[in-house]
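Each position in the sequence shown, counted from 1, maps to that position plus 93 in our numbering. Here's the structure we're looking at; comments come further down.
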Amino acid sequence: MWLGFIVASILITLMPGPSMLVVIMNTLQRGVSAGILSSFGVVVADALLLILTLSGIGALLYSSALAFTLVKWCGVAYLVYLGIRQLLSSNSVNSSENENGSERLATSTPGSFVQGFATTMLNPKIISFFIAFFPQFLDPELPAIPQLLMLGPVFLLIVFVILVMYTMLAKAARVFLSSPRGQLCVQKLSGGMLIGCGIVAAGMER
């Protein structure tokens with residue numbers, strides 16, 4: 094059971110999504126600390142959603158069409174907002190690191206946690222994934238809650254490790270994208286992808 098759970102968790106976490114995109118985007122633009130903070134925000138949100146799932150509240154929220162729709166459109170709006178902000182900020186890229194740019198970098202890094210947290214928390218599909226995923230690895234002859242209390246932290250650890258791995262890969266790529274032209278490409282590409290994720294999320298159904 095454990096081997097299958099770990100392998101499945103790794104494969105699923107490796108799949109690209111909005112949260113991973115935010116982690117990579119923040120690493121490329123703000124450095125490793127921003128990527129780690131984004132990863133931590135994702136894991137904290139996953140933990141809260143997992144708690145909601147275990148408590149049964151997640152199932153109630155998932156079964157409510159109103160709650161699902163509300164969370165979905167909040168998530169869509171946030172992704173599109175991040176994307177538009179990236180596209181607009183690309184217009185301000187220049188070849189020198191002036192005082193305003195340094196200040197913006199310093200003050201925006203803590204916001205990386207919020208971006209990782211909000212992007213994950215506002216994804217209604219995560220609760221539905223938890224509801225479908227974890228029962229597959231439970232022993233029906235044993236109480237479910239103790240098993241979930243063991244599987245949950247392992248899953249969260251896997252998520253964090255893989256996101257940190259992507260952060261390190263983005264750090265390596267950042268060396269080649271540190272020029273103003275490279276940062277401009279990163280901002281335009283990430284902005285377009287975030288808006289694309291928002292459009293895809295808008296089509297999600299329960």
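A virtual CB, placed ideally from N, CA and C, is assigned to each residue, including glycine. Since this is a predicted model, take the numbers as computed values, not measurements.
Pick from the options that is closest to residue i, judged by C-alpha positions
| i | options | result |
| --- | --- | --- |
| L172 | T212, I105, G245, V164 | T212 |
| N216 | L104, S112, A101 | S112 |
| T146 | G291, F226, Q280, G284 | F226 |
| L96 | L282, L231, L277, I117 | L231 |
| I144 | L282, R267, I129, M243 | M243 |
| G128 | M108, G289, V257 | V257 |
| S102 | V268, R267, G289, Q229 | Q229 |
Burial state of residue i, where buried means 16 or more other Cβ atoms lie within 10 Å
| i | result |
| --- | --- |
| R178 | exposed |
| P246 | exposed |
| S148 | exposed |
| A285 | For the record, residue 285 in the displayed sequence is Gly; it is not Ala. Per the 10 Å Cβ criterion, exposed. |
| V279 | buried |
| Q122 | buried |
| G168 | buried |
| L241 | buried |
| A263 | buried |
Pairwise C-alpha distance: residue j and residue i
| i | j | result |
| --- | --- | --- |
| E190 | M94 | In this prediction, E190 scores a pLDDT of 45, lower than 50, which makes its location untrustworthy; no coordinate-derived value is stated. |
| V207 | G134 | 6 angstroms |
| G250 | L181 | A small correction: the amino acid at residue 250 is Leu; Gly does not occupy that position in the sequence shown. Spanning the two alpha carbons is a distance of roughly 35 angstroms. |
| V136 | V125 | 17 angstroms |
| K165 | A294 | 7 angstroms |
| A160 | E234 | 34 angstroms |
| I255 | I117 | 12 angstroms |
| I238 | S205 | 33 angstroms |
| G291 | T106 | 19 angstroms |
| A265 | N119 | 13 angstroms |
| L282 | T260 | 17 angstroms |
| G110 | L104 | 13 angstroms |
| R197 | P203 | Only weak support exists for where R197 lies, its pLDDT of 45 falling under 50; the value from the coordinates is given anyway. Near 11 angstroms, if we compare the C-alpha coordinates of P203 and R197. |
Proximal residues to residue i (C-beta, below 6 angstroms), its chain only, five neighbours per side dropped
| i | result |
| --- | --- |
| A138 | F210, T213, M214 |
| L175 | L287 |
| R267 | L121 |
Chain-order list of residues whose beta-carbon lies under 8 angstroms from that of residue i (same chain, five-residue window excluded)
| i | result |
| --- | --- |
| L142 | G151, T213, M214, I219, I220, F223 |
| I99 | V247, I251 |
Chain B contact for residue i (CB, 8 angstroms cutoff)
| i | result |
| --- | --- |
| C167 | Considering every chain present, this structure includes no chain B. It has just one protein chain. |
Beta-carbon contacts of residue i that lie in its chain and below 7 angstroms, excluding the five residues immediately before and after
| i | result |
| --- | --- |
| V115 | S131, Q208, G209, T212 |
| F253 | S132, V136 |
| A140 | L249 |
Mind pulling the alpha helix (DSSP H) runs of 4 or more residues that sit fully within the stretch 192–272? 192–201, 204–214, 218–226, 237–267, all fully within the stretch 192–272.
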